[in-house]
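Enquirer: Before I ask anything, let me first share the structure, which is written out below as structure tokens.
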């Protein structure tokens with residue numbers, strides 16, 4: 006029987022925490038069509054994104070990189086980044102965080118479509 010995971014809903018979609026360990030955290034993130042996460046950076050962690058389905062446009066520093074299902078992207082600690090759903094269906098991806106702290110307060114928002122600037 007499949008485990009039921011709690012979802013944390015946000016204005017852009019939702020996420021589920023799949024693992025939360027001392028040295029890593031894993032989330033499954035869904036972004037609704039036409040929505041995007043805030044432009045942000047982290048002081049304590051790097052992230053590796055693996056797209057499961059949908060069409061993404063990743064901002065990493067000055068780069069804009071399109072990704073489709075099966076493709077991945079590494080976001081170094083301190084890098085400015087954003088994930089955007091540019092398709093007509095939900096975008097789903099796995100985020101693997103590595104570092105020494107994984108709290109939601111390690112998000113420094115630089116731009117946000119929903120008024121959540123720090």
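Residue numbers (the numbering used here): 6 to 123.
No residue lacks a Cβ here, since even glycine has one placed at the ideal position from N, Cα and C.
No experiment lies behind these values; they were computed from the predicted model shown.
So, helix, strand or coil for residue 13, using DSSP?
Expert: Note: residue 13 maps to strand in three-state DSSP.
Enquirer: Using 8 Å as the threshold, is the stretch 21–30 in touch with the stretch 65–83, meaning 3 or more CB pairs across them?
Expert: The stretch 21–30 is not in contact with the stretch 65–83.
Enquirer: Quick test of the definition: if touching needs 3 or more C-beta pairs under 8 Å, does the stretch 62–75 touch the stretch 100–119?
Expert: The stretch 62–75, when compared against the stretch 100–119, does not touch it at the 8 Å Cβ threshold.
Enquirer: Using a Cβ-Cβ cutoff of less than 8 Å, which residues in the same chain neighbour residue 69 once the five nearest sequence positions on both sides are dropped?
Expert: If we look at residue 69 and ignore the five residues flanking it on each side, its Cβ neighbours are 62, 63.
Enquirer: Under three-state DSSP, which class holds residue 109?
Expert: It is helical.
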